[in-house]
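Peer 1:
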Amino acid sequence: MTGETGETGETGETGETGETGETKETRESGGENGSARWAALGWVAGVLALLLALPLLTAGRLPDRVATHWDAVSGRPDGSMPLWAAAVFPALIWAVVSAVVAVAHGRPGRATAWGGTVLLSLGVALAGAQAAIVRANMDHAHWQDADSVTPWVVGALAAGASAGAAAALVARRRTPRGARPTDLPRMDVPPDRRVVWLASASNPWLQALAAVAGAVALVALVLTAAGVTDPLWALIAPLALVSVLTAACASVQVLVTERGLRVSFGPLGRPARRWRPADIESAHAEHRTPAQVGGWGYRLSGLGTTVMLRAGECLVIRAKGRNFAVSVDDAERGAALLNAVAGRRPT
Amino acid sequence: MLLTLDTADNRPLHEQVAGAIRRAIAEGECAAGDRLPPARELSRALGVNANTVLRGLRSLRDEGLLEFRRGRGVTVAQGAARRSVLVDRVRDLVTEAARLGYAKADLIEMIRVAP
């Protein structure tokens, strides 16, 4: 209830035996994520192999040092590397970027919008540039004689950019913007029962940040009031604002009753957002991460509004044509009750 | 956590509140050590006055199901799930005894001589 994991399994099991009935399972299968992961891994490995193989397999027709940099104006080669370095250097860049994308996405190859865009565009551009370098150096005795690469590099960059744009477009189309699962969870509420669902979530880091900002503002206020220093309003005002706003975003209380959904923010439960049952088109649970919605707190993104306090299960509603999500445990049952309250049949 | 109220229940409101939370604990809705939602939130959820909620929570503390801790709010006590099941049965027993004309003292005497 307060966000400790481990207890949730037990809660779900025993909860389902109650009169409120079972909630429908709508967890998405790992199939699509899994295949995207393998595709990403295959792409990373393939590009890596290509970057290494291109210069090494053609080593017999390349000079010992290959031209790797060209003067932008004259198009003449003005920098070189040993052949092995020319093979390893782009591969190293590729490996580092791939690792960063993998780490940022929690586990290797998990496809989300920007990761796929970066990997696709950079892979195409690097492979194209490597091919251009090899072609320019081929069948020349010295790197100084290498051909110009300008049109090839421009072509590689353009190809990379369009591949990235295509990946971004596909990713956006596949992102469930306004999409809703076809099988909504729904709970059976017997007519002689009133069932309410409460959940809360908090982020200790945001709470600590709010506390520190508030404490510093308070000290500055005391110093100012005591006349120890010049008035520190330039420090107090922004810190107090940061403290209040962060505290409001650091914890959230979610309540589902027959009056609809209420999401209240911060330790005081104010401000709060409310949705009447009539306004709610659908509700479901979904796994979301801060990387998907652009960070922690009150986020606006392509997925709609998300109150993100921790990665994991989120209660997602669609109301008045907009998506709103809040990261709370046990969201599946909250969504099920909300759908029951709104009086919808599972489709 | 999911709280269920019987709309036909005509017991006093604070007892209904205590009953709903006792039942939630028995069904594993909140485990030992979990923090209960603030009284303000519970009063909004159940549609009763915050003082009524607090009265219900206090009776659960007296039953040993909840712990009130300064700075940590109201938490579920260790072993509360098992205890709440037992407490529920004792309450049923007392109700049944009263219906049959036995006072609590009679019941206690029966329990004392029980094998």
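Note that the protein sequences, when read in sequence, are chains A and B.
Under this note's numbering, think of the first position of the first sequence as 1, with each following residue one higher.
Under this note's numbering, think of the first position of the second sequence as 1001, with each following residue one higher.
Where is the CB? At the ideal position from N, CA and C, for every residue including glycine.
In this structure, what does DSSP give as the bridge partners for A/Ser162?
Peer 2: For A/Ser162, which the question treats as bridged, DSSP gives no partner whatsoever.
Peer 1: For A/Leu255, which residues from the same chain have a beta carbon less than 6 Å from its beta carbon, with the 5 sequence-adjacent residues on both sides left out?
Peer 2: Leu198, Arg262, listed in sequence order.
Peer 1: Which full runs of the beta strand (DSSP E) of 3+ residues lie inside the region 1033-1083 of chain B, going along the chain?
Peer 2: 1066-1069, 1073-1076
Peer 1: Tell me the DSSP secondary structure of B/His1014 in three-state form.
Peer 2: helix
Peer 1: With three or more C-beta pairs closer than 8 Å as the rule, is the region 315-322 of chain A touching the region 278-290 of chain A?
Peer 2: yes
Peer 1: Hey, does B/Ala1008 have any beta-carbon neighbour from chain A nearer than 8 Å?
Peer 2: Chain A, which has a Cβ nearer than 8 Å to the Cβ of B/Ala1008, makes this yes.
Peer 1: Could you work out which residues of chain B lie near A/Gly269, taking near to mean beta carbons separated by less than 8 Å?
Peer 2: Residues of chain B with a Cβ closer than 8 Å to the Cβ of A/Gly269 are, in chain order, Pro1038, Arg1040, Glu1041.
Peer 1: Please report the straight-line C-alpha distance between A/Ala367 and A/Ala336, rounded to a whole angstrom.
Peer 2: In the structure as shown, chain A starts at 1 and stops at 347, and residue 367 of chain A therefore has no counterpart that could be examined.
Peer 1: Taking the beta carbon of B/Ala1008 as the centre, do at least 16 other beta carbons fall within 10 Å, making it buried, or is it exposed?
Peer 2: exposed
Peer 1: Contact criterion: CB-CB distance below 8 Å. Does B/Thr1095 meet it with respect to chain A?
Peer 2: Not closer than 8 Å to any Cβ of chain A, the Cβ of B/Thr1095 fails to qualify, so no.
Peer 1: Within 10 angstroms of the Cβ of B/His1014, are there 16 or more other Cβ atoms? Answer buried if so, exposed if not.
Peer 2: buried
Peer 1: Tell me the DSSP bridge mates of B/Thr1007?
Peer 2: Answer is none; B/Thr1007 lacks a bridge partner.
Peer 1: Have a look at A/Leu206 and A/Thr246 and give me their C-alpha separation to the nearest angstrom.
Peer 2: A/Leu206 and A/Thr246 have their C-alpha atoms roughly 6 Å apart.
Peer 1: How would you label A/Asn323, buried or exposed, when you count the other beta carbons within 10 angstroms and need 16 or more for buried?
Peer 2: buried
Peer 1: Quick check on A/Ser98: does DSSP put it in helix, strand or coil?
Peer 2: A/Ser98 falls in the helix class under three-state DSSP.
Peer 1: Kindly indicate which three-state DSSP category A/Glu332 falls into: helix, strand or coil?
Peer 2: helix
Peer 1: Decide if A/Ala220 is buried, meaning its Cβ has at least 16 other Cβ atoms within 10 Å, or exposed.
Peer 2: buried
Peer 1: Hey, would you say B/Thr1075 sits closer than 8 Å to B/Gly1033, going by beta carbons?
Peer 2: Taking 8 Å as the Cβ cut-off, B/Thr1075 and B/Gly1033 qualify as a contacting pair.
Peer 1: For A/Thr23, would you say it is in contact with chain B, using Cβ-to-Cβ distances shorter than 8 Å as the test?
Peer 2: Its pLDDT being 39, under 50, A/Thr23 is placed unreliably in this model, and the coordinates cannot settle the point.
Peer 1: Rounded to the nearest angstrom, how far is the Cβ of A/Ile133 from that of A/Val47, given a contact under 8 Å?
Peer 2: About 15 Å separates the two Cβ atoms, so there is no contact after all.
Peer 1: For the beta strand (DSSP E) containing B/Ala1031, list its first residue and its last residue.
Peer 2: It is not in any beta strand (DSSP E) - B/Ala1031 carries neither H nor E in the DSSP assignment.
Peer 1: Cα separation between B/Arg1069 and A/Glu313?
Peer 2: 29 Å
Peer 1: Pick out whichever of A/Pro77, A/Gly128, A/Asp64 has its Cα sitting closest to the Cα of A/Ala91.
Peer 2: A/Gly128
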